[in-house]
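Numbering (this note's numbering), first residue to last: -8 to 156. A short write-up of the structure that comes next.
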Amino acid sequence: MDSYRGIISSTTIQKHFQSSEPSFDWISALRSVQIRSLVEQESIELRLTYFYVWSAYYVEWQMRSLLAPMLFDEDDWESAHQQQESVVKAAKSDRTRAKARTKRTADNLPVHSFQTLLADLGTIAHNEILATMEGASWVFDKITQPTIVQQKALDLLGVSLICTQ
C-alpha cells in the first residue's frame, strides 16, 4: 500500500505476492475474485478494495461450501479428518478422490471448478418478450429453463429462479 495516499496499485500487489510470508487469504481473495482486473487498471482506493475483496471472498467461500458436492473441492470433511494421520498434509476423502478420478459427482453429473460452474450458471438468461396480436401488445418475462447441472447448483444454493413478492 502506498502509505501516503491510501491507494493500492498493481506494483504493490506484485510486491505482496513476492514477499517471504504473504497473507494467503489476501492472495486467495485477489486471485479467486475478479478484483485483479480492477487493480490492473492502475490503482483503486484501498478502503473500497478491502471491502469488495473481503465481501466477495466471503460470498465465494459460502458458495463453495454449499456447492462442494458439484466441485472438485472437499465435501466429506469428517472422512478426510479421519484419514489424516498428521498435520503435515491434509488427506482427501475417498469421495473427493473419486470425484477427481471419474470427473463425475455422486449424481453422475460432471464435476466443475468454481469458475466453470459460475460460467455455466451465467448462461441462464432473463428474456423480455413482446407479443402483439390484433393491435394489442403484451410484455412478459421468461427465464430460460436451467439444465440439470444448473438446477442442482441452484438447489444446493437454495436459490429459486421464480421471484415472488
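All residues carry an ideal CB built from backbone N, CA and C; glycine is no exception. Values in this document were obtained by computation on a predicted structure and should not be read as measured data.
Margin query: Please return the same chain residues whose Cβ sits closer than 8 Å to the Cβ of Lys94, not counting the five positions on each side in sequence.
Written below: Pro101 and Val102
Checklist line | Straight-line gap, Ser104 to Phe63 (C-alpha atoms, nearest Å) | finding: 6 Å
Notebook entry, point to check: Using the rule of at least 16 other Cβ atoms within 10 Å of the residue's Cβ for burial, across every protein chain shown, is Leu121 buried or exposed?
Noted result: exposed
Next item on the list: Just list the alpha helix (DSSP H) runs in the region 93 to 118, keeping only unbroken ones of 4 residues or longer that don't cross its boundaries, in chain order.
Entry: 105 to 112
Item checked: 7 Å Cβ shell around Thr96 - same chain, five flanking residues per side excluded -> Pro60, Met61, Lys90 and Val102
Check: Taking the C-alpha atoms as reference points, what is the distance between Ala127 and Thr107?
Finding: 43 Å
Item checked: C-beta contact flag for Leu112 and Gln141 at 7 Å -> yes
Margin query: By the three-class DSSP mapping on this structure, what secondary structure does Lys90 have?
Written below: helix
Next item on the list: Have a look at Val44, Leu58, Trp45 and Arg88 and flag the residue whose alpha-carbon is nearest the alpha-carbon of Leu148.
Entry: Leu58
Margin query: Within 10 Å of its beta-carbon, does Arg(-4) have 16 or more other beta-carbons around it, so buried, or fewer, so exposed?
Written below: With a pLDDT of 46 at Arg(-4), under the threshold of 50, the modelled position of this residue cannot be trusted; read the value that follows with caution. Classification for Arg(-4): exposed.
Item checked: Run of the alpha helix (DSSP H) containing Val168, from where it starts to where it stops -> Only positions -8 to 156 of the chain appear in this structure, which leaves residue 168 out of reach.
Notebook entry, point to check: Between Met54, Arg86, Ala47 and Val50, which lies nearest to Asp66 when the distance is taken from Cα to Cα?
Noted result: Arg86
Checklist line | Alpha-carbon to alpha-carbon, Arg55 and Ser84 | finding: 17 Å
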